[in-house]
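Taking it in order: structure first as structure tokens, then the write-up.
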Amino acid sequence: MTDREILNLLSIKQFTELQQSQVMPIILKFGAPWCGPCKAIKPLCDQWFKLTPGFIYIDINIDNDSELFIALKSKKMVKSIPTLLFYSNKVKRDSWYIPDDSVIGGDINQVYAFFDRCNMTTKKF
């Protein structure tokens, strides 16, 4: 995996292994092609990822890859789509599923603020 690759399929095991490797912070996005708010934020998310090195970006289509979505939904970490979750690579976790930050919905301003917080969090370390 390169630091610019967008992952689209990920099992719970692969996700926890990626977290434990602590290579880079992880941004996990859940959405679906039929979801209007998901379509609205996709260009922003893709552009941010292309312009911001040092993050692993995982874009999960819940229709094709539901294992991680169902697991995080059962833990109340995902309530609807789109959802973006941020996992810092500098934090040792007792619970693999609890993110450091998140944003739910298609509000562009909230998504921008989320990405700003992700950048600020990684710069503190």
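For the sequence shown, full-length UniProt numbering assigns the number 1 to the initial residue and increments by one for each residue that follows. Every residue, glycine too, gets a C-beta built ideally from N, C-alpha and C. All figures in this text were calculated on a predicted structure; none of them were measured in a lab.
Reference residue i, options the options, closest by Cα
i, options, result
"residue 17", "59, 117, 96 and 70", "96"
"residue 39", "83, 114 and 101", "83"
"residue 55", "101, 24, 115 and 104", "24"
"residue 15", "107, 47 and 69", "69"
"residue 103", "37, 62, 47 and 50", "37"
"residue 79", "47, 58 and 62", "62"
"residue 99", "90, 67 and 106", "90"
"residue 35", "81, 88 and 87", "81"
"residue 20", "88, 53 and 110", "88"
Residues bridged to residue i (per DSSP)
i, result
"residue 104", "83"
Integer-rounded CB distance, given that residue j should sit under 8 Å from residue i
i, j, result
"residue 26", "residue 58", "7 Å"
"residue 60", "residue 30", "5 Å"
"residue 111", "residue 51", "In fact, because the Cβ distance is near 14 Å, the residues do not count as touching under 8 Å."
"residue 65", "residue 10", "7 Å"
- Message: At 3 residues or longer, what runs of the beta strand (DSSP E) sit wholly inside the segment 19-102?
- Response: Whole beta strand (DSSP E) segments, 3+ residues: 26-31, 56-61 and 83-87.
- Task: For the segment 56-76 and the segment 105-121, state whether three or more C-beta atom pairs, one from each stretch, are separated by less than 8 Å.
- Result: Verdict: no, contact absent.
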